[in-house]
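**Student:** Next up is a structure, given as structure tokens.
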Amino acid sequence: MMRIFSVALAMLLVVDSRSAGAQRVETGFLNRTVTIAGRAFPYQLYVPSAYPSSSQRWPVILFLHGAGERGADGLLQTAVGLPTAIRRDASRYPAIVIIPQTPPDSTWLGTPADFAIAALDQTLAEFRTDADRVYLTGLSLGGNGTWNLAYKYPDRFAAIAPVCGFVTPFRRLQGSRAIVPNDTGAAMFAALAKRLGRLPTWIVHGEVDPVVPVAESQRAAEAMKAAGGDVRYTEIIGGGHDVWDLTYASPQFREWLFAQRRTPGSMK
5 MMRIFSVALA MLLVVDSRSA GAQRVETGFL NRTVTIAGRA FPYQLYVPSA
55 YPSSSQRWPV ILFLHGAGER GADGLLQTAV GLPTAIRRDA SRYPAIVIIP
105 QTPPDSTWLG TPADFAIAAL DQTLAEFRTD ADRVYLTGLS LGGNGTWNLA
155 YKYPDRFAAI APVCGFVTPF RRLQGSRAIV PNDTGAAMFA ALAKRLGRLP
205 TWIVHGEVDP VVPVAESQRA AEAMKAAGGD VRYTEIIGGG HDVWDLTYAS
255 PQFREWLFAQ RRTPGSMK
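Take the sequence shown: its position 215, counting from 1, is numbered 219 in our numbering, and each next residue is one higher.
Structure follows, in structure tokens:
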């Protein structure tokens with residue numbers, strides 16, 4: 005009888021051990037994959053070290069990289085912008101961060117945009133998150149992607165922050181096209197502003213950006229202000245293209261970002 009009890013206890017301990025292992029949550033930068041139409045897209049997911057021991061619902065940030073980080077390794081996009089700020093001091097960004105990578109010679113339009121949203125949906129389903137505190141930000145090409153995803157899904161985000169981004173298509177950039185269908189020039193910016201409504205937006209650009217004209221962000225900010233939008237515009241005097249390090253290191257930026265919450269009907 006004692007032997008039977010010992011065997012049963014040992015089996016129970018094995019089951020408990022396996023259950024504990026199944027419940028263990030990895031933290032840090034993690035490899036993830038999402039599949040769309042039979043094609044697998046790799047991305048990185050940052051999970052704060054405090055996540056496993058907490059019971060709170062965590063804010064989520066979707067970060068879109070620039071043209072220089074395009075690829076298929078699923079890693080290069082973590083070497084710039086927001087991921088770099090997290091590596092320097094993780095305490096500054098207490099959030100789950102999704103870091104997708106667009107394939108070579110592509111933009112954050114079409115399938116890559118769908119991939120980013122699929123990665124977001126997968127993360128919201130997998131982790132204990134706050135759907136009313138989902139933020140979208142990106143730099144350069146990712147700034148263009150930020151405008152694009154915000155235009156397509158204005159009700160999904162609590163706030164957006166395009167950094168040195170652009171709205172007008174870049175003719176020399178393969179795959180670049182208008183975010184707003186059938187609109188060009190001033191009408192395109194006005195249509196974008198109308199679509200975003202009161203979505204909290206902070207636009208950042210360098211005054212002497214040699215890659216993306218600062219006029220792109222100026223025109224977007226002006227259109228949003230004219231439409232009564234909730235917009236902040238920061239033009240970094242003397243700043244070139246790489247103003248993202250200053251942006252993501254800014255305490256004021258982080259304070260503003262995490263203070264935003266999605267409110268039903270606020271886009272109207």
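All residues carry an ideal CB built from backbone N, CA and C; glycine is no exception.
The model shown is predicted, which means the values in this text are computed figures rather than measured ones.
Taking Y155 and R199 to be in contact with their CB atoms under 8 Å, please state how far apart those CB atoms are, rounded to whole angstroms.
**Tutor:** Against the sequence shown, residue 155 aligns to sequence position 151. Against the sequence shown, residue 199 aligns to sequence position 195. About 5 Å; that satisfies the 8 Å criterion.
**Student:** Assuming T133 contacts I102 (C-beta within less than 8 Å), just tell me the rounded distance between them.
**Tutor:** As a first step, residue 133 must be located in the sequence shown, where it is residue number 129. As a first step, residue 102 must be located in the sequence shown, where it is residue number 98. With 8 Å as the limit, T133 and I102 do not qualify as a contact, their Cβ atoms being about 10 Å apart.
**Student:** Using CA coordinates, which residue listed in G147, A197, E259 and A44 is at the minimum distance from A225?
**Tutor:** Here the question's residue 225 lines up with position 221 in the sequence shown. Nearest option by C-alpha distance: A197.
**Student:** So, for W151: in the same chain, excluding its five sequence neighbours on each side, which residues have a beta-carbon less than 7 Å away from its beta-carbon?
**Tutor:** Numbered from 1 along the sequence shown, position 147 holds the residue referred to as residue 151. Taken in chain order, the residues that qualify are P166, G169, V171, I183 and L196.
**Student:** If we call anything under 8 Å between Cβ atoms a contact, is A94 one with P52?
**Tutor:** For the purposes of this step, residue 94 is identified with residue 90 of the sequence shown, where counting begins at 1. For the purposes of this step, residue 52 is identified with residue 48 of the sequence shown, where counting begins at 1. Yes. Within cutoff.
**Student:** Output the boundary residues of the beta strand (DSSP E) element that contains L34.
**Tutor:** Taking the sequence shown and counting its residues from 1, one reaches residue 34 at position 30. Here the beta strand (DSSP E) through L34 covers G32 to I40.
**Student:** Do W62 and F131 count as a contact pair if the criterion is CB distance below 8 Å?
**Tutor:** Counted from its first residue, the sequence shown places residue 131 at position 127. Counted from its first residue, the sequence shown places residue 62 at position 58. Yes, they are a contact pair.
**Student:** Ignoring anything shorter than 4 residues, give me the alpha helix (DSSP H) runs that lie fully in the segment 206-258, in order along the chain.
**Tutor:** Taking only runs of at least 4 residues, the alpha helix (DSSP H) segments lying wholly in the segment 206-258 are 219-230 and 248-253.
**Student:** Using a threshold of 7 Å, is the CB atom of Y252 nearer than that to any non-hydrogen atom of the ligand ATP?
**Tutor:** The model on display carries no ligand, and the ligand ATP is accordingly not part of it.
**Student:** If we ignore side chains and look at the alpha-carbon of each, how far apart do S144 and E220 end up?
**Tutor:** The residue labelled residue 144 in the question sits at position 140 within the sequence shown. The residue labelled residue 220 in the question sits at position 216 within the sequence shown. Their Cα atoms are separated by approximately 11 Å.
**Student:** Could you check the C-alpha separation between P173 and F67 for me, to the nearest Å?
**Tutor:** Reading the sequence shown from its first residue, position 169 is the one you call residue 173. Reading the sequence shown from its first residue, position 63 is the one you call residue 67. For P173 and F67, the distance between alpha carbons rounds to 21 Å.
**Student:** DSSP has T133 in a bridge; who is on the other side?
**Tutor:** Stepping through the sequence shown from its first residue, residue 133 is reached at position 129. DSSP output for T133 lists W62 as bridge partner(s).
**Student:** When you compare the CB positions of F193 and R266, do they come within less than 8 Å of one another, or not?
**Tutor:** Walking along the sequence shown from the start, residue 193 turns up at place 189. Walking along the sequence shown from the start, residue 266 turns up at place 262. It is not a contact, given that the beta carbons lie outside the stated cut-off.
**Student:** Which of helix, strand or coil does DSSP assign to G25?
**Tutor:** Taking the first residue of the sequence shown as position 1, residue 25 is located at position 21. Interpretation of G25 is limited by its pLDDT of 42, a score under 50 that renders its predicted location unreliable; the figure taken from the coordinates is listed afterwards. Here G25 sits in helix by DSSP.
**Student:** Could I get the ranges of all uninterrupted beta strand (DSSP E) runs contained in the segment 84-110, with 3 residues as the minimum, in chain order?
**Tutor:** Complete beta strand (DSSP E) runs here, min 3: 100-104.
**Student:** Leaving out the 5 sequence neighbours to the left and right, which residues in its chain are closer than 7 Å to V235 when beta-carbon positions are compared?
**Tutor:** Counted from its first residue, the sequence shown places residue 235 at position 231. Result list for V235: T205, I207, A225, M228 and K229, in chain order.
**Student:** Just to confirm the assignment, what range does the beta strand (DSSP E) spanning L49 have?
**Tutor:** Here the question's residue 49 lines up with position 45 in the sequence shown. Run containing L49: R43 to V51, per the beta strand (DSSP E) assignment.
**Student:** Three or more C-beta pairs under 8 Å: does that hold for the segment 250-267 against the segment 77-97?
**Tutor:** Yes, since at least three Cβ pairs between the segment 250-267 and the segment 77-97 fall closer than 8 Å, the two stretches touch.
**Student:** DSSP on T141, reduced to helix/strand/coil?
**Tutor:** Residue mapping note: residue 141 aligns to position 137 of the sequence shown, counting from 1. Strand, per DSSP.
**Student:** Measure the alpha-carbon distance for A190 versus L261 and round it to whole angstroms.
**Tutor:** Locating residue 190 in the sequence shown gives position 186, where the first residue counts as 1. Locating residue 261 in the sequence shown gives position 257, where the first residue counts as 1. Taking the straight line joining both Cα atoms gives about 28 Å.
**Student:** If we count the other Cβ atoms within 10 Å of its Cβ and call it buried at 16 or more, is N186 buried or exposed?
**Tutor:** As a position in the sequence shown, residue 186 is number 182, starting the count at 1. So N186 ends up on the exposed side.
**Student:** In chain order, what residues of the same chain have a beta carbon less than 6 Å from the beta carbon of T37, not counting five sequence neighbours either side?
**Tutor:** Here residue 37 refers to the residue found at position 33 of the sequence shown. The answer, listed in chain order, is A44 and P46.
**Student:** Do G3 and P214 have their C-beta atoms closer together than 8 Å?
**Tutor:** Nothing can be reported for residue 3, as the shown portion of the chain is limited to 5 through 272.
**Student:** The alpha helix (DSSP H) that contains A182, what's its start and end?
**Tutor:** Residue numbering aside, residue 182 sits at position 178 when the sequence shown is read from its first letter. Per DSSP, A182 belongs to no alpha helix (DSSP H) and is neither H nor E.
**Student:** If I follow the unbroken beta strand (DSSP E) through A194, where does it start and stop?
**Tutor:** Here residue 194 corresponds to residue number 190 of the sequence shown, with the count starting at 1. Counting along the chain, A194 falls outside any beta strand (DSSP E), though it belongs to the alpha helix (DSSP H) covering G189 to L200.
**Student:** Do you know how far the Cα of R175 is from the Cα of L34?
**Tutor:** Against the sequence shown, residue 34 aligns to sequence position 30. Against the sequence shown, residue 175 aligns to sequence position 171. Spanning the two alpha carbons is a distance of roughly 35 Å.
**Student:** Residues in its own chain within less than 7 Å of A71 by CB, not counting five upstream and five downstream?
**Tutor:** In the sequence shown, residue 71 corresponds to position 67, counting from 1. Closer than 7 Å at the Cβ level, and outside the excluded window around A71, lie S144 and L145.
**Student:** Would you call R74 buried or exposed, if buried means 16 or more other Cβ atoms sit within 10 Å of its Cβ?
**Tutor:** In the sequence shown, counting from the first residue as 1, residue 74 sits at position 70. R74 is buried by the Cβ-count criterion.
**Student:** If you draw a straight line from the C-alpha of D77 to the C-alpha of T251, how long is it?
**Tutor:** As a working note, residue 77 is residue 73 in the sequence shown. As a working note, residue 251 is residue 247 in the sequence shown. Their Cα atoms are separated by approximately 26 Å.
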